[in-house]
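Asker: Going down the list, the protein sequences come from chains C and E.
FYI, this note's numbering numbers position 154 of the first sequence as 151, with every residue one higher than the one before it.
Take any residue in the second sequence, note its place counting from 1, add 3, and you have its number in this note's numbering.
Backbone N, C-alpha and C fix where the C-beta goes; we use that ideal spot for every residue, glycine too.
Computed from a prediction, not measured in an experiment: that's the story for all the values here.
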Amino acid sequence: MNIATYVRRNLFRRVWRTLLTMGVVALTVLIFCLIRTAIASFTGGVDDAAADRLAIRHKVSITMQLPKHYIDDLRQVPGVEKATWANWFGAKDPKRRVPFFAGIAVDRDSFFEVQTDMLLPPDQLAAWKQTPNGAVVGDQLAKLFDLKVGSRLVINSDIYPGDWDFQISGIYTATRKTVDRSSLVFRWDFLNNDPRSVFSKEKLGWMLARISDPSKSADISKRIDAKFDNNDDQTMTMSERAFQLSFLGGFVALLSAFGLGSLVILLIMALVLANTIAMNVRERTHEYGVLRAIGFPPGHVFGFIVGESLLVALAGGLIGVGLVVGLINHTLGPAFDANPGFLRNFFTPTSTIVIALAAAVGLGLIAGVVPALGASRLKTTDALRRLD
Amino acid sequence: MNEATTTESPSSEPYRGTVTSSTIVKLSGIAKTFYRGNEAIHVLEGLDLDVPTGSFEALMGPSGSGKSTLLNLIAGLDRPTSGTVVVAGADLTRMSDGQLAKWRSQTIGFVFQSFNLIPVLTAAQNVELPLLLTSLSRSERAKHVATAMRIVGLEDRMHHYPRQLSGGQEQRVAIARAIVNDPKIIVADEPTGDLDRKSADDVLTLMERLNKELHKTIFMVTHDAAAAERATVLRKLDKGALQ
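1) C/His283 lies in the alpha helix (DSSP H); which residues open and close that run?
2) What does C/Met(-2) touch in chain E if you count any residue whose Cβ is under 9 Å from its own?
3) Write down the C-beta distance between C/Ala357 and C/Ala310 rounded to the nearest angstrom, noting that I regard them as a contact closer than 8 Å.
4) Run the CB neighbour count on E/Val155, radius 10 Å, all protein chains shown included, and call it buried at 16 or more, exposed below.
5) Do the CB positions of C/Ser209 and C/Glu78 come within less than 8 Å of each other?
6) Can you find the residues in the same chain that come closer than 6 Å, C-beta to C-beta, to E/Asn214, ignoring five residues on each side of it along the sequence?
7) Quick one, are the C-beta atoms of C/Ala102 and C/Trp203 less than 8 Å apart?
8) So E/Gly243 and E/Glu42 are supposed to be a Cβ contact under 8 Å. How far apart are they, rounded?
9) Give the residues of chain C in contact with E/Ile27, contact being defined as C-beta atoms less than 8 Å apart.
10) With a threshold of 8 Å between beta carbons, is C/Arg93 in contact with chain E?
11) Report yes or no: do three or more beta-carbon pairs, one from the stretch 89 to 106 of chain E and one from the stretch 266 to 277 of chain C, lie closer than 8 Å?
12) Which of the three DSSP states, helix, strand or coil, is assigned to C/Ser58?
13) Please report the Cβ distance between C/Leu264 and C/Lys65, rounded to the nearest whole angstrom; I am assuming they are in contact, meaning their Cβ atoms lie under 8 Å.
14) Under 8 Å, Cβ to Cβ, is there at least one residue of chain C near E/Arg160?
15) Are the stretch 151 to 164 of chain C and the stretch 115 to 131 of chain C touching, with three or more C-beta to C-beta distances below 8 Å?
16) Output needed for C/Lys56: all residues of its chain with C-beta closer than 7 Å, excluding positions within five of it in sequence on either side, in chain order.
17) Within 8 Å (strictly less), CB to CB, does E/Asn214 reach chain C?
18) Compare the C-beta of C/Tyr3 with all C-beta atoms of chain B and state if any pair is closer than 8 Å.
19) The stretch 260 to 288 of chain C: which residues have C-beta closer than 7 Å to a C-beta of chain E, in chain order?
20) Can you pull the chain C residues whose beta carbon is under 9 Å from the beta carbon of E/Phe113, in chain order?
21) Just checking: is the beta-carbon of E/Leu240 within a distance shorter than 8 Å of some beta-carbon in chain C?
22) Given 8 Å as the limit, is there contact between the stretch 256 to 270 of chain C and the stretch 73 to 92 of chain E, that is, 3 or more CB pairs closer than that?
23) Based on DSSP bridge pairs, tell me the residues matched to E/Gly112.
24) To the nearest angstrom, report how far apart C/Ser236 and C/Val134 are at their CA atoms.
25) Does E/Arg233 have its Cβ less than 8 Å from a Cβ in chain C?
26) Just to make sure I have the definition right: I need the residues of chain E whose C-beta is within less than 7 Å of the C-beta of C/Thr378. Which are they?
27) Going by C-alpha distance, which of C/Lys92, C/Val12, C/Ser107, C/Leu150 is nearest C/Ala80?
28) Would C/Arg374 pass as an interface residue toward chain E - the criterion being a Cβ-Cβ separation below 8 Å?
29) In whole angstroms, what separates the C-alpha of E/Ser31 from that of E/Ala230?
30) Counting only beta-carbon atoms, is C/Pro346 nearer than 8 Å to chain E?
31) Compare the C-beta of E/Val41 with all C-beta atoms of chain C and state if any pair is closer than 8 Å.
32) Are at least three pairs of beta-carbons, each pair with one atom in the stretch 131 to 146 of chain E and one in the stretch 155 to 169 of chain E, less than 8 Å apart?
33) Would you decide whether E/Lys187 is buried or exposed? Buried here means 16 or more other CB atoms lie within 10 Å of its CB.
34) Please confirm whether E/Val148 and E/Ala181 have their CB atoms less than 8 Å apart.
35) Express the C-alpha separation of E/Asp192 and E/Gly64 in angstroms, rounding to a whole number.
36) By the criterion of Cβ-Cβ separation under 9 Å, what are the contact partners of E/Gly101 in chain C?
What follows is the structure in structure tokens.
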């Protein structure tokens, strides 16, 4: 036997109390990781945005469109290497609302030159350029809808009426894990030439520019906006990161609230843990008095209590890590990958798991310190007088 | 001042009791006052006490007479308001809390009324507890534990938990814990208070043996007249003064 034996045995003195407390710690770690993973999943594209790309939209709102000739003016701005444009189509499966997938009309000649992190085999790119109603889909969407090159796909739009009949010309993959692999991309001229899109004829939803020097993005942005300053439709140029954040809109505030919530959950865990340890200490005060009487110094009593708190937190934290790996990384993550929607790349990174475990252990330490100090400072004679 | 013969405790040779006629406990001019709010309660006043080494003393007195307070002072668990407490050659009033804790672990063996065994540890592990504060190796500790358990007649209950023992057996384990580090003095606070007559007699017989065969000085507080009769010296305390 050694001193740790006493700490270890104390753990299961009140089996259910200990197990329930460990359960709370484990659930806290799981919920913390779940929230953090969801936030990272929503903002993954933002965090991984390319530094050498700028997005240009109407100064008033993304819902207002820009004249087609702006793309030619944009290409003249010093520092802009390549430029392209896109229009939001509001694609939806006519049979079902879920899963959500993005549908975008893009310029056939320049889109994949600017969006270099979407990879399309050259033969498929050539075929797409030759097919007016050709569409390119991400590999995840292709898998979900069982689409192959040459397949026919009929979808609807939230903006444009009727059925839209596409032929799949290619399937793209991504060079970065945060690129949406469940989008549908088709030719802007196909949309522009359709009579149903008369209200957006010769209009652009937004423009994307690849710049030569990312360190000068602020200057280039100013130059672009200055170029259109005296026009009726003024522009707002922003980094790709800011552009993606603008899509999240008010949801950013909600995500921030979730982020704060994840910290509050850790605080609740600390309070539950502190309550458990305080109950244990209250029940064992007499026993600590006995130990002090037979010669154990106050530091040992402090160590017994903090050690127990740490063990509960560590055990609960490790169970929580097991739940995170099993539930999120091996169940939810693959499930979201197989059924793409808003949540992409839904996997808890190791860094988040380490932070959660460290927080559990750190808060376990803090939760144990207060009752440990109280018990270790109590006079031996007073402790001996306390009964359960 | 007469000083008790000192022994290095605990040693690898357990229970080498020493016989001396010197004084092991010397209390001079002891006063102890507690405060309840602003009200001062004088529990002990001007108390002097000499306990010879190797004696078995019983202290009796009505509730509230100061018996436990006196015991706590001798055991180094509490400090007097005034006066000096010298036990086994050490002036306890000059020691820090940390020094007192170390001194207790080497000098004092405690026997409590309600046994106070740790319920999650086996009998042997309970007995081993005081030895965890020493530098003894695991095997040396095991040797001391086995010897102590043999002395109290419970070598066949080493791996039993307190809940698996009778009250008398629990108290004997507590006595084994009290003697395992070869203390110079054993203080017992109502050691038979929670026991039936038969068990109480067994425990008192054991304490007599510890005193006579191992020459342990025993200072026992009790309400039990039968227990007090087994002691070699009977003292009575009333209203904070020895009669």
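Answerer: Put simply:
1) 248 to 290
2) Leu124, Thr125, Ala127, Gln128, Glu131, Leu132, Leu135, Arg141, Arg144
3) 5 Å
4) buried
5) yes
6) Phe59, Ile221
7) no
8) So it is not a contact: roughly 16 Å between Cβ atoms.
9) Ordered by position in chain C, no residue passes the 8 Å Cβ test against E/Ile27, which lies about 18 Å from the chain.
10) no
11) no
12) coil
13) That belief does not hold up - the Cβ atoms of C/Leu264 and C/Lys65 are roughly 54 Å apart, past 8 Å.
14) no
15) yes
16) Gln231, Thr232, Met233
17) no
18) The structure shown contains no chain B; its protein chains are C and E.
19) Glu284, Val287
20) Val287, Ala290, Ile291
21) no
22) no
23) E/Ile189
24) 25 Å
25) no
26) Asn75, Leu80, Asp81
27) C/Ser107
28) no
29) 27 Å
30) no
31) The question names Val, but residue 41 of chain E is Asn in the sequence shown. No, its Cβ sits nowhere closer than 8 Å to a Cβ of chain C.
32) no
33) buried
34) no
35) 13 Å
36) Pro294, Pro295, Gly296
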